[in-house]
Amino acid sequence: MIPVTDTPRSDPDDTANSGDTVPTEPVHRYPAKWEADVLASDGGVVHLRPIAPDDAERLVRFHSSLSERTRYLRYFGPYPRMPERDVKHFTNVDHKYRESFVLLLGNDIVGVGLYERIKYGGDGTSAEVAFVIADEHQGRGFGSILLEYLAAAAAQNGFTRFEAEVLSENRGMISVFRDAGYEVSRSYDGSVAHLEFNIDPTEAHLTVRDSRERMSEARSVGNVLTPKSIAVIGASSDMKKVGGVILHNLLTAGFSGPVYPVNPERTSVHGVRAYPTVRDIPDEVDLAVAAVPAGVIDEVLDDCLAKRVKALVVVSAGFSEVGRDGISAERRLVQSARAHGMRLVGPNALGVVNTNPDVRLNASLVPVLPPRGRIGFFCQSGALGIAILDTARRRQLGLSTFVSAGNRADVSGNDLLQYWDTDPDTDVVLLYLESFGNPRKFSRIARRVARTKPIVAVKSGRHAAPFALEATGVSLDEASVAALFEQTGVVQVNSISDLFDCALLFGYQPLPTGPRVAVVGNSTALGVLTIDAARGEGLHATEPIDVGPHAEPAEVASAIASALASEDVDAVIVVFVPPVALPTAPYAEALREASRGASKPIITTFLGTEGIPDELAIRDETGAPVRGSIPSYPGPERAVAALSRAWRYARWRNAPQSKVIRPEGIDTDKARALIDPLSRDNSGAWLSDDQVRTLFSCYGLNIVDYKDVDTADEAAEAARQLEYPVVVKALGQRWQYRTDLLGVRLDLTREESVRVAYSEITRIAGESRVRVQKMAPKGIGCTLGLQDDPSFGTLLTFGIAGVISELVGDRAYQVPPLTEDAAHALIHSPKAAPLLDGYRGTEPVDKDALIDVIRRLSVMSVELPNIRELSIHPVLASPEGAAILGAQIRVGPENMVPFDNSVGPRRLR
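In the numbering used here, the protein residues as written are -10 to 898.
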């Protein structure tokens, strides 16, 4: 137990940690990332930050609110009041040897955690840890959050081990340590349990952390989509007002719980009792929908905090979409909502929908919804959302849930992915994205979700990147963009029409198990057109099965059944033109019955209709189309495009999953200590060559040895020390990447040739300083690098060096962290990659050595997010290995691109 007297267990000679001597200011500054909004296990929001001296009054108030039982379990005794000396001790920390975090809800502390260095009998790398949570917030996962941040802060400050003394009857506290994924050793001294564990993040710990992040984010969205009660703030009986439309749609949809109109000027709205404020509602409120002017939102938030509302949907406009002042107002809105413990959808949102019959939620501006189905849809644009829902309704595309996030100030597509991953009512995810709030996190989550549920995304705005990314963004062709989406399992499409085409197939038909397609039809011309389209999309199609224009329904059904039964067929496309003056219903029934229960996908161009035609729908008891219904497309090209995307996705999903391998010999702490001080300037900083060499050595990457010299004698001595053969090269940007090698002299084997080379290079360059470098084995020049991309975050790039490759853009891209398969795919993707296998008599290069470099760069990109640019030009790949001749690195603040803290504590973006 961390003592509460004036004799703490930390350094006796550390005046910052002993007695009543309290520093007037912290000895060390703490990183900004130690402040965060974090989700509780129930999806609520709490703010975390290091404690400060002005928290004294809050701490006393918090301590006084604790029950006697909680105080006893934490302090091993009654401890009814906190003396002033203890208040000073706990609120004045040095952020290094002693650190304390507080959890805040509104203006109140709801949890406190502390670590404190232990020096007695140790090496100074162990610390004692303890925390206490307000009684009413116990069970919300706050202890786990504090432990994550305390461990991360301690590790950053050089600690390797935590110890804790806990009363053996305090099972809740013991379970926090046990369930965190650390290997905890326990010993007992009477009624006290002594716990010890290393704080290095183990695989088990990261798995636990990711699982908790996933569940808490899913529950936070669940608070929006499955509320038990709703308040409509700004409710009106005027259907020309947003508040009137929202309330009317909620009531018309038959929401399963109570709906409370909030309007200070009315006693009832639409026949439902109204209340002046949210505070006046007598019962609990889970979700509040705000349809009030932006200027009065602050009052709404205060009322929602007092009422303990879990989530807020803001349909009001007047925020970031109106300009700079609106951006500031929106930021304040998000900060205030989170400080009040709420997640926020919006502002400027269209609303949210849940078609589950146990919920029946339509808190949106759309009066008529699509049928119930098993497809989740996330859209940023409110105006576009109306058109999307209308199109889905006309095509009979059934939705489970729909969220229009508007300005997406808080709840984002990443949050919805976490929710849909665990939602039993959703089988397919559709995304219309204008930008990524956190592209790295999107990639990580999408890879996991897409293993069980297809994700189809329209990504607009690629050519309108935020200003902060324009300078460092990579100009990618559309094929590369599609490939990057495909690596994360996301089916990328170019339009809303394509989005729905894929959704119809994914939502109502099984996935193809291969690329072999049978085309059945009653039109030779349509059959040939379909075959050509299929082959153009990479599918394998033989001659069409033509039943003739006068075929009877039974003949059509027989041909379809035969194709589905064939072991040489993975999918069937039916192209059907109805005979003149004959009813189509018998043909539709034949098609539907022939495909009933099929394990292979079947799609059609029946009557040129779009969506799920009534004649081809299989319906549930509510009349909504269900799986087994046959999608129809207006033409064979669109049908084939949807099927080819489904096959590529199925191939990705069924491929064995390789793991991300962390190579040995990596010193992350040393690397961070090097570049963190250089990353604080908003404009960033270029590392010197020596700094690059040091950073690379932290990740087991060795640049071919070199020495920079200023005289011919120094050049000769450097060559002797490096051992012949050597290279002499000019320094400076203008001499790099030149194809004429004017500033380089290669393969020098004698002192005389080194002196001559020095003379020539200094004369050409006009500078006395040159570089003497050990000659690397001859090989294939390759380029490797890290670049920021507005859609995907950091990209790892690879290509074969050379003017032609650069001219035609022969580069491959992958999103870190790279699995083993992804690393192999990266070096085989460029068109010039066969050069690595040996070409026209040359020996194959050592690909394993090249892949090892890629692995280490991948880890570096994840662990050092403040690397803004990195270029290795070239890596010489040869049968002997992979030799790095040089590199350039620019670092900057990590918030220039949203950071997915995949190895640190959980936090909201």
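Using N, Cα and C, we set each Cβ at its ideal position, and we do this for glycine too.
(message) On the CB-based measure, 16 or more other CB atoms within 10 Å of its CB, does H539 come out buried or exposed?
(response) exposed
(message) So, under 8 Å CB-CB, A398 and L294 are touching, yes? Tell me the CB distance rounded to an integer number of Å.
(response) Between L294 and A398 the Cβ distance is about 18 Å, and since that is not below 8 Å, they are no contact.
(request) For the beta strand (DSSP E) holding F367, just list the boundary residues, first then last. (result) R361 to C368
(request) Indicate the three-state DSSP secondary structure (helix, strand or coil) for F685 in the structure shown. (result) In the structure shown, F685 sits in a helix (DSSP, three-state: H, G or I).
(message) Suppose you measure from the CA of V715 to the CA of I873; what does that come to, to the nearest Å?
(response) Computed Cα separation, rounded: 15 Å.
(request) Using 10 angstroms around the beta-carbon of G881, count the other beta-carbons present and answer buried if the total reaches 16, otherwise exposed. (result) Classification for G881: buried.
(request) Out of S742, G732, Y497 and A169, point me to the one whose CA is closest to G586's CA. (result) Out of S742, G732, Y497 and A169, Y497 has the C-alpha closest to the C-alpha of G586.
(request) Report, in whole angstroms, the separation of the C-beta atoms of S174 and F186, which I expect to be a contact under 8 Å. (result) Right, the Cβ-Cβ distance comes to about 7 Å (below 8 Å), so this counts as a contact.
(message) Just list the residues that DSSP pairs W675 with in beta bridges.
(response) R879
(request) Report yes if the CB atom of D410 is closer than 7 Å to the CB atom of V438, and no otherwise. (result) yes
(request) Go to T593, then tell me how far its beta strand (DSSP E) extends in each direction, as first and last residue. (result) T593 -> beta strand (DSSP E) spans I591 to T593.
(request) Could you tell me the distance, in whole angstroms, from the CA atom of P602 to the CA atom of V804? (result) Those two C-alpha atoms are separated by around 40 Å.
(message) Which runs of the beta strand (DSSP E) at least 3 residues long sit entirely within the segment 775 to 855? Give them in chain order.
(response) 782 to 789 and 800 to 803, all fully within the segment 775 to 855.
(request) Run the CB neighbour count on G128, radius 10 Å, all protein chains shown included, and call it buried at 16 or more, exposed below. (result) exposed
(request) Excluding the 5 residues preceding and the 5 following A25 in the sequence, name in chain order all residues of the same chain whose CB lies nearer than 6 Å to its CB. (result) L37 and R896
(request) Look at the Cβ atom of P253, then the Cβ atom of V261, and state whether they are nearer than 7 Å. (result) Cβ distance not < 7 Å, so P253 and V261 don't count as in contact.
(request) Given a cut-off of 7 Å, decide if V698 and V761 are closer than it, judged by their beta-carbon atoms. (result) yes
(message) Using the three-state DSSP reduction, which class does N238 fall into: helix, strand or coil?
(response) helix
(message) I need the straight-line Cα distance from V545 to L580, nearest angstrom please.
(response) 7 Å
(request) Give the C-beta separation of S555 and A507 to the nearest angstrom, bearing in mind that I take them to be a contact with Cβ-Cβ under 8 Å. (result) 7 Å
(request) State the CB to CB distance for the pair G371 and G402, rounded to an integer number of angstroms; the pair is presumed to be in contact (CB under 8 Å). (result) The Cβ separation is near 15 Å, so there is no contact.
(message) My output table needs one value for L553: the three-state DSSP class, helix, strand or coil.
(response) helix
(message) Using CA atoms only, rank isn't needed, just tell me which of S818, P567, G875 and K836 is closest to Q725.
(response) G875
(message) Assuming contact is defined by CB atoms lying nearer than 7 Å, are L420 and F495 in contact in what I supplied?
(response) no
(request) Starting from the N-terminal side, write out each stretch of the alpha helix (DSSP H) that is 4 residues or longer and does not extend beyond the segment 263 to 322. (result) Entirely contained in the segment 263 to 322, the alpha helix (DSSP H) runs reaching 4 residues are, in chain order, 286 to 296.
(message) As a quick exercise: from T593, F685, S205 and G768, pick the residue whose alpha carbon is nearest that of A628.
(response) Of the candidates T593, F685, S205 and G768, the one whose C-alpha sits nearest the C-alpha of A628 is T593.
(request) Express the C-alpha separation of Y713 and S742 in angstroms, rounding to a whole number. (result) Spanning the alpha carbons of S742 and Y713 requires a straight line of approximately 11 Å.
(message) I'd like the span of the alpha helix (DSSP H) that includes S209, first residue to last.
(response) E192 to L214
(request) Whole angstroms is fine: what's the gap from I364's alpha carbon to A283's? (result) 33 Å
(request) Just the C-alpha distance for L55 and A119, rounded to the nearest angstrom, thanks. (result) 16 Å
(message) For E832, tell me which candidate among D670, S867, N511 and I534 has the shortest Cα-Cα distance.
(response) S867
(message) Please return the same chain residues whose Cβ sits closer than 7 Å to the Cβ of R361, not counting the five positions on each side in sequence.
(response) T344, G387, T611 and A613
(request) Would you tell me roughly how many angstroms separate the C-alpha atoms of L239 and E137, rounded to the nearest one? (result) 41 Å
(message) So, with DSSP's three-state summary, where would you put S449?
(response) coil
(request) Whole angstroms is fine: what's the gap from A812's alpha carbon to I840's? (result) 6 Å
(request) Could you work out which residue in K763, G770, A705 and A814 is closest to L785 when comparing CA atoms only? (result) A814
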